[in-house]
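Take the sequence shown: its letter number 94 is residue 94 in my numbering, and every next letter is one higher.
Glycine included, every Cβ here is placed at the ideal spot set by N, Cα and C.
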Amino acid sequence: MKNNIEFYNSISGRKETFKPINSSQVLLYGCGPTVYDAPHLGNFRTFVFYDLTIRVLELNDFSVKSVINITDIDDKIISRANSEKVAYDKITSKYESIFIDQWKRLNNQLPTHFIRATENISEMISFIEDLLSNNFAYVVNGSVYFDSKNSKIDYDKFVSNEEIHKDQNSEKKFQSDFALWKAWKKEDEEIFWDSPWGKGRPAWHTECSVIASNFLGNSIDIHCGGIDLKFPHHQNESVQVEALSKKIFTRYWLHSEHLLLEEDKMSKSLGNILSVQSLEEEFSLESIRLFLMTAHYRSKITFNKNLLIESQKMISKIERFIDNFNLRLDSKKFKNYDFVNEEIDFINALNDDLNTPKALGVFFNFINDFNKKNNSSAGNLKNAEREKAESFINLFNSVFQCLSVGKSNPLSDNIKDLLQTREQARAEKNWELADQVRDSLSNLGWIVEDTPKGPKVIRKK
Ligand code: AMP
Ligand code: ZN
1 MKNNIEFYNS ISGRKETFKP INSSQVLLYG CGPTVYDAPH LGNFRTFVFY DLTIRVLELN
61 DFSVKSVINI TDIDDKIISR ANSEKVAYDK ITSKYESIFI DQWKRLNNQL PTHFIRATEN
121 ISEMISFIED LLSNNFAYVV NGSVYFDSKN SKIDYDKFVS NEEIHKDQNS EKKFQSDFAL
181 WKAWKKEDEE IFWDSPWGKG RPAWHTECSV IASNFLGNSI DIHCGGIDLK FPHHQNESVQ
241 VEALSKKIFT RYWLHSEHLL LEEDKMSKSL GNILSVQSLE EEFSLESIRL FLMTAHYRSK
301 ITFNKNLLIE SQKMISKIER FIDNFNLRLD SKKFKNYDFV NEEIDFINAL NDDLNTPKAL
361 GVFFNFINDF NKKNNSSAGN LKNAEREKAE SFINLFNSVF QCLSVGKSNP LSDNIKDLLQ
421 TREQARAEKN WELADQVRDS LSNLGWIVED TPKGPKVIRK K
């Protein structure tokens, strides 16, 4: 089933019908995290959007080869390692593990490859040598710069010239030139790699260009990132690959909008961040994932706890639907099934530039109508009706991934911990804390009942 998919290409500024270079495999690259700190919810808005893109392509029977880089060398990493007097890879391996753990726990599929920048330095050096030998780059004081005039690349497709001229660097010949290799500075101390131009390290744009073209080739189908990466990062990634290959580097550029906290972009450098880990104390991972998918990826979302509570309620509603009609969650269930009416509308919404709010609307209308028609209970439900509901639930979950598949709703560790904290608080007659914990459980969609055998949690109706 290969349906028509349309993606909004941020370079052309319009929706385009998706046609991969090779129909047997879609090549997708996503810019990954800089691992000098734990990722925040804003980063995961973008990462869940990568996962959504891949899952929608797979739903349409495309096989996807995906690569996500891990930026494990940059100025912030070097300065943190040197100020804390620890090896840089001690910092990067710690935050990389946190990133991958949260990536998995938010039900994102693993990409075909996660690739660390530091494992491809010799490839980056060869790539820069190629640019130099073709006169597309020049060396100044041990740094190498891309020569934007000699490369004769079309810069205007990413931004207006005005934006190009904002950047200042006295070593560069032209404003639009950019670093490919950064020479070692005293503050870098022992962190450097040897190169034909002396000690130093690759620059960020070159990391992504080399990783993308080494693992996917010089022409890829889809390149994803947050909107802040469109310029200059994606422009500079693109022009250096195209200068050598003379082919279009990326056919569809997909950029997600930001998650905001009180009107500002959530960002590590502004310090206004919320981590997945801190939110997990109050909300389930499934509700965090669903919250990130409730808005269209190209709209900004402002973080608000009420939105997470709403997402939790949506999940409780689906879980009640599953319980009431005794439906089975099975990730393979919807495969080879002939989709009908609402399911086709649901798929069409996702294929229309990943319109998750519209797809959710179609899904919840189906649940509401089904409940009405069948009195919210399995009663005299016909097999064909049950199959239809099961098929849609499994289709929904194949993309949204916010229901536990193959488990009979076990209590998560988080709920178990909260129950234990409440019991402890009650034993210590700390009624205030006990009530607070009960409220947290309620926000997560659970009601606590104290029975002679101890507390019992039941799903909120
Ligand atoms: P970084 O670790 O800062 O290099 O960012 C990793 C990815 O997260 C990039 O694709 C960024 O565009 C994206 N990103 C960073 N902050 C936000 C935000 N507040 N909302 C959405 N995406 C973001
Ligand atoms: Zn990148």
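Discussion item. Just to confirm, is the Cβ distance from L292 to F346 under 8 Å?
Written reply: no
Fill in: Minimum length 4: unbroken alpha helix (DSSP H) runs contained in the stretch 351 to 436
356 to 373, 383 to 400, 413 to 427
Item to complete: Take I367 and list the residues in its own chain whose beta-carbon comes closer than 6 Å to its own, dropping the five residues that flank it on each side.
Response: F321
Worksheet item: Is the stretch 209 to 223 touching the stretch 120 to 130 in the sense that three or more CB pairs, one from each, lie closer than 8 Å?
Response: yes
Worksheet item: Which stretch, first to last residue, makes up the beta strand (DSSP E) that contains K149?
Response: Taken as a continuous stretch (DSSP letters only), K149 belongs to no beta strand (DSSP E), as it is neither H nor E.
Worksheet item: Should the stretch 351 to 364 be called in touch with the stretch 279 to 289, which here means at least 3 C-beta pairs below 8 Å?
Response: no
Worksheet item: Where does the unbroken alpha helix (DSSP H) through I78 begin, and where does it stop?
Response: 75 to 84
Worksheet item: With burial defined as no fewer than 16 other Cβ atoms inside 10 Å of the residue's Cβ, what is the status of L444: buried or exposed?
Response: buried
Worksheet item: How many angstroms separate the CA atom of N355 from the CA atom of Y297?
Response: 8 Å
Worksheet item: Which residues in the same chain have their Cβ closer than 7 Å to the Cβ of N108, if we skip the five residues on either side of it in sequence?
Response: F47, V48, D51
Worksheet item: Under a Cβ-count criterion, where at least 16 other Cβ atoms within 10 Å of its own Cβ denotes burial, should P196 be classed as buried or exposed?
Response: exposed
Worksheet entry | Simplified DSSP state of K230, which is helix, strand or coil | helix
Worksheet item: For ligand 2, any of its heavy atoms closer than 7 Å to the Cβ of L229?
Response: yes
Worksheet entry | Collapsed DSSP secondary structure at F114 in the structure displayed | strand
Item to complete: Give the straight-line distance between the Cα atoms of K456 and L419, rounded to the nearest whole angstrom.
Response: 9 Å
Worksheet item: Would you say N272 and K247 are within 8 Å of each other, going by their C-beta atoms?
Response: no
Discussion item. Taking a contact to mean a Cβ-Cβ separation below 8 Å, would you say N341 touches A378 in this structure?
Written reply: no
Worksheet item: Comparing alpha-carbon positions, which option in E280, E390, L327 lies nearest I415?
Response: E280
Worksheet entry | Contact set for E187: own chain, Cβ-Cβ below 8 Å, skip 5 residues either direction | I78, S79, N82
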